[in-house]
Amino acid sequence: MSEQLHFDLPVRAALGRDDFFVSPANAVALGMVESWPAWAGNKLILSGPTGAGKTHLVHVWAALSGARIIAAPDLPQEAIPSLARGPVAVEDVPAIAGNPAAQTALFHLHNLTLAEGHGLLFTGAGEPGRWGLTLPDLVSRLQGTTVAALEQPDDMLLMAVMAKQFADRQLVPSADTIPYLLRHMDRSFAEATRLVAALDAQSLRDKRPITRALARQLIGTG
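To convert, count from 1 in the sequence shown and add 9; that's our numbering.
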């Protein structure tokens, strides 16, 4: 039997439309992203749990619209006029909850981008009303924005997410590994991501292929 070699390779996420697995948990959000530029007010919020595919959908929209993508904490005031010349996606808006300057910058980007006639896409984990933002003008603008919610995963979506994450890491688990994980894991995107990363690390450390036996050793169950 040939031994599966495991190299510490970089993770390259596949973020094209064809790489996005559609299920009842995300079909509505995908449809709303693809309905651009018919968004109400020319803007949309993608809301959902960590790992649900918000970043993937941002890249799908950027490919459709030519949008630039920036993380909310990385938005400098001086970059706003340049960004507002085209569609913009701002990721991880809740990360600026404790940063008044960043909230002010996002408020100005919101107003200028829309005034220029371009689309805006925002993302954040959980419901926008719980993002912890404190700038009243920004909060009111987001309250007036349509929300596309990604739901907690069903079994088929969880399996697809883990298969994609293994592929992004250039790993090929045995055929029974993912079904085994699905039976014994907490049902969340975050846990799927954690398990794939942990199996990658353990496989590399032990110089063993990724199999059901390795997954059982990691999880510690029968």
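Every residue gets a Cβ at the ideal spot worked out from N, C-alpha and C, and that includes glycine.
Return the CA-CA distance between P46 and E136, expressed in angstroms with no decimal places.
Here the question's residue 46 lines up with position 37 in the sequence shown. Here the question's residue 136 lines up with position 127 in the sequence shown. Cα to Cα, P46 sits roughly 23 Å from E136.
Along the chain, where does the alpha helix (DSSP H) containing K243 start, and where does it finish?
In the structure as shown, the chain starts at 10 and stops at 231, and residue 243 therefore has no counterpart that could be examined.
Output the residue ranges of the beta strand (DSSP E) runs that lie fully inside the region 156–207 and measure 3 residues or longer, sorted by chain position.
Within the region 156–207, the complete beta strand (DSSP E) runs of at least 3 residues are 156–158.
Is the region 171–180 in contact with the region 142–159, if contact means three or more CB pairs nearer than 8 Å?
No, they do not touch.
Taking the Cβ atom as the reference point for each residue, do L239 and N35 lie within a distance shorter than 8 Å?
With the chain covering 10 to 231 only, the question about residue 239 has no answer from this structure.
Please check the pair V97 and A76, which I expect to be a contact at CB under 8 Å, by giving their CB distance rounded to whole angstroms.
Here residue 97 is taken as the residue at index 88 of the sequence shown, counted from 1. Here residue 76 is taken as the residue at index 67 of the sequence shown, counted from 1. Right, the Cβ-Cβ distance comes to about 6 Å (below 8 Å), so this counts as a contact.
If contact is defined by three or more beta carbon pairs under 8 Å, each pair taking one atom from either stretch, is the region 199–207 in contact with the region 165–173?
Flag = yes, the region 165–173 and the region 199–207 touch.
Assign A98 to one of three DSSP states: helix, strand, or coil.
Taking the sequence shown and counting its residues from 1, one reaches residue 98 at position 89. A98: strand per DSSP, three-state reduction.
Please tell me whether T122 and W48 are closer than 8 Å, where the distance is taken between their beta carbons.
Along the sequence shown, read from residue 1 onward, the residue named residue 122 stands at position 113. Along the sequence shown, read from residue 1 onward, the residue named residue 48 stands at position 39. It is not a contact, given that the beta carbons lie outside the stated cut-off.
Could you check how far apart the C-beta atoms of A134 and L190 are, in whole angstroms? I think they sit under 8 Å.
Translated into the one-based positions of the sequence shown, residue 134 becomes position 125. Translated into the one-based positions of the sequence shown, residue 190 becomes position 181. So it is not a contact: roughly 23 Å between Cβ atoms.
Rounded to whole angstroms, what is the Cα-Cα separation between G126 and P218?
Working through the sequence shown from its first residue, we reach residue 126 at position 117. Working through the sequence shown from its first residue, we reach residue 218 at position 209. Taking the straight line joining both Cα atoms gives about 52 Å.
Grab me the residues of I78's own chain with a C-beta within less than 7 Å of its C-beta, minus the 5 sequence neighbours each way, in chain order.
As a working note, residue 78 is residue 69 in the sequence shown. If we look at I78 and ignore the five residues flanking it on each side, its Cβ neighbours are V67, A71, A98, E100.
Our contact map puts A104 next to A81 with C-beta atoms below 8 Å; I'd like the distance itself, whole angstroms only.
Walking along the sequence shown from the start, residue 104 turns up at place 95. Walking along the sequence shown from the start, residue 81 turns up at place 72. The Cβ separation is near 6 Å, so the contact holds.
What are the partner residues of R77, as DSSP defines its beta bridges?
As a working note, residue 77 is residue 68 in the sequence shown. Beta-bridge pairing links R77 to V97.
Around the C-beta of S212, are 16 or more other C-beta atoms found within 10 angstroms, so that it is buried, or is it exposed?
Numbered from its first residue, the sequence shown carries residue 212 at position 203. S212 comes out buried.
Give me whichever residues DSSP pairs with T113 in a beta bridge.
One-based indexing of the sequence shown puts residue 113 at position 104. Note: T113 sits in no beta bridge, so no partner.
Would you kindly check if the distance between the Cβ of D185 and the Cβ of R7 is under 8 Å?
The structure shown has nothing for residue 7, since the chain only spans 10 to 231.
Quick check on S91: buried or exposed, where buried means 16 or more other Cβ atoms within 10 Å of its Cβ?
Locating residue 91 in the sequence shown gives position 82, where the first residue counts as 1. By the neighbour-count rule (16 or more Cβ atoms within 10 Å), S91 is not buried but exposed.
So if DSSP puts L130 in a beta bridge, which residue, or which two residues, is it bridged to?
To locate residue 130, count along the sequence shown from 1; it is residue 121. Per DSSP, L53, A98.
The alpha helix (DSSP H) with V31 in it runs from where to where?
Mapped onto the sequence shown, residue 31 falls at position 22. Unbroken run through V31: none, as it is neither H nor E.
Please classify A124: does DSSP put it in a helix, a strand, or coil?
Taking the sequence shown and counting its residues from 1, one reaches residue 124 at position 115. The answer is helix: DSSP assigns A124 an H, G or I state.
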